[in-house]
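Residue numbers are given in this note's numbering: position 66 of the sequence shown equals residue 84, and the series is strictly consecutive. Just so it is clear, CB atoms sit at the ideal spot from N, CA and C, and this is done for glycine as well. Encoded as structure tokens, the structure appears first; notes follow it.
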Amino acid sequence: MNRRLFLALLGTSPVLGAIGPGRGASAQGFLTTADLAQSAGPVWQAWKSAYLRPDGRVVDTLQNDASHSEGQGYGAVLATEFGDHDAFQRIVAWAETNLAIRGDGLMSWRFLPGEPNPVPDLNNASDGDLFFAWGLVRAAQRFGNRAYLARAAQTAQSLAERCIVPNPANAAETLLLPGAQGFLHENRVVFNPSYVMPLAMREVAAATGVIELAQTAQHAENILMRLARNGPVPDWIEATPEGMVPAPGFSTNAGYEAMRVPLFLVWSGLNRHPAVEQMVRIYNRVVHPGVPVPTVIDPSTGSVVEASPDPGYRALAALVSCSGTPGQVGSDMPAFDPTQPYYPATLHMFAMIAANQVSPECVPI
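Okay, here's the thing in structure tokens:
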């Protein structure tokens, strides 16, 4: 995809404006101006047609059309970025009716259509709640409705109360639990590094006053730095008084979950973070034209365990490689393809937004 087409799809120019929360916009600015939905129509319409049902449910066709709080949160952020208030309202309304049934402002993590009990597990997923709150915060400004902030504050406060805990490996730090139940044990905490999105956590904290999110984001950046000393950050880790160790029963690879770590760091303006640099080394070594992009990597050896031809993963690799390489201009980010599964398609959208907002040098040439 060339630069002219990319910018035509995502707006006329990269957005670098920085009006802080509480002064009119988010720290990174919105994707473009108010006419964005028209100029970016083909990409956003393609994503909506493929993954968003008319009632506001974001579906994952690879998982029997299941829906997750993650998808609703991601969809809320995307709808806000693309200035689509109608889609945003439908996404939020569906989530409120079908997932926000716990009574504490957080959402149950999964919806199974066609089942007698479509929400069999009331546990939440903190990344879905975080993105949902982030979408609400950005929507409050984007659509001029401050009522969204009250709902965002409810989610933020519940995350702070139920999903932020001391780090057993370092008493001066806190950790974001993957969910309110099942991850906190005596003297150990199971931690998913990809659930941390520093930019989202800081913007939600600034807009709602729940400072624990911003503090935990800072701690997470330091934790990710330590985890990246010897290789790419893994999908899951366990924090113990003895330090960070592999989490029993969870993936120790750098796979489909951990690939979001460098994406979220780059989107947060942290393209020189060691976790980004580790993935740059791997991508520069194994990503080539016409060759499937690695999706699962053995952190101990750097060897590729799985790879995929889906363009969303190539877009992610292109963003990370470009933004993490000093002096590089232009990336080989492919055109958006709505025939790929929901997950790589959504990462593709995020990579395009991050390039437009914070790494304009990585817009394709």
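Report the rounded CA-to-CA distance for residue i versus residue j, giving the unit in angstroms.
i: Ala372; j: Val284; result: 7 Å
i: Ala158; j: Ala105; result: 15 Å
i: Trp254; j: Asn210; result: 5 Å
i: Gln107; j: Val207; result: 36 Å
i: Leu34; j: Ser341; result: The predicted model places Leu34 with a pLDDT of 28, which falls under 50 and marks its position as unreliable; any figure quoted below should be read in that light. If I take the Cα positions, the gap works out to 15 Å.
i: Ala97; j: Glu260; result: 43 Å
i: Glu338; j: Val323; result: Strictly speaking, residue 338 in this sequence is Val, with Glu absent from that position. About 19 Å.
i: Val298; j: Ala335; result: 8 Å
i: Met262; j: Phe268; result: 14 Å
i: Gly101; j: Pro266; result: 43 Å
i: Pro186; j: Glu204; result: 9 Å
i: Pro134; j: Gln81; result: 17 Å
i: Leu416; j: Arg290; result: Residue coverage of the chain in this structure runs from 19 to 383, which leaves residue 416 outside it and unanswerable.
i: Ser318; j: Pro359; result: 29 Å
i: Ala276; j: Ile315; result: 10 Å
i: Gln346; j: Ser286; result: 19 Å
i: Gly197; j: Gly308; result: 38 Å
To which residues of the same chain is residue i closer than 7 Å at the C-beta, ignoring the five residues directly before and after it?
i: Ala325; result: Pro310, Val311, Pro312, Thr313
i: Phe129; result: Ala84, Ser85, Asn116, Leu117, Pro136, Val137
i: Gln296; result: Ala246, Gly249, Pro250
i: Arg41; result: Interpretation of Arg41 is limited by its pLDDT of 26, a score under 50 that renders its predicted location unreliable; the figure taken from the coordinates is listed afterwards. Taken in chain order, the list of residues that qualify is empty.
If you follow the alpha helix (DSSP H) that residue i is part of, which residue opens it and which one closes it?
i: Val284; result: 278-285
i: Val61; result: 59-69
i: Ile109; result: 103-116
i: Arg332; result: 329-341
i: Met367; result: 360-375
i: Ala170; result: 165-181
For residue i, is the classification buried or exposed, using 16 other Cβ atoms within 10 angstroms of its Cβ as the cut-off for buried?
i: Ile229; result: exposed
i: Gln199; result: exposed
i: Ala190; result: exposed
i: Gly74; result: buried
i: Asn302; result: exposed
i: Pro362; result: buried
i: Ile241; result: buried
i: Gln375; result: buried
i: Gly59; result: exposed
Check for me: the beta strand (DSSP E) holding residue i runs from which residue to which?
i: Val137; result: No beta strand (DSSP E) contains Val137, which DSSP labels as neither H nor E.
i: Ile315; result: 311-315
i: Val305; result: Note, Val305: premise wrong, no beta strand (DSSP E); not H, not E.
i: Asn210; result: Per DSSP, Asn210 belongs to no beta strand (DSSP E) and is neither H nor E.
i: Ser326; result: 322-326
According to the Cβ coordinates, are residue i and residue j closer than 8 Å?
i: Leu288; j: Thr226; result: no
i: Ala151; j: Leu193; result: no
i: Thr173; j: Asp139; result: no
i: Leu202; j: Val214; result: no
i: Leu70; j: Val76; result: yes
i: Ala218; j: Val251; result: no
i: Ala143; j: Glu179; result: no
i: Arg278; j: Ser212; result: yes
Ordered along the chain, which non-local residues of its own chain (more than five positions away) have a Cβ less than 8 Å from that of residue i?
i: Ser67; result: Pro356
i: Gly348; result: Arg21, Cys340, Glu379, Cys380, Val381, Pro382, Ile383
i: Ala369; result: Leu281, Gly330, Ala333, Leu334, Ala336, Leu337, Met351
i: Gly274; result: At residue 274 the sequence reads Tyr, which differs from the Gly that was named. Cβ within range, chain order: Asp253, Thr313, Val314, Tyr361.
Residues in the same chain with beta-carbon distance under 6 Å from residue i, minus the five sequence neighbours each way, listed in chain order, please.
i: Gly93; result: Val76, Ile109
i: Arg220; result: Ala232, Ala235
i: Thr364; result: Tyr92
i: Gly123; result: Gln172, Thr173, Ser176
i: His237; result: Glu191, Thr192
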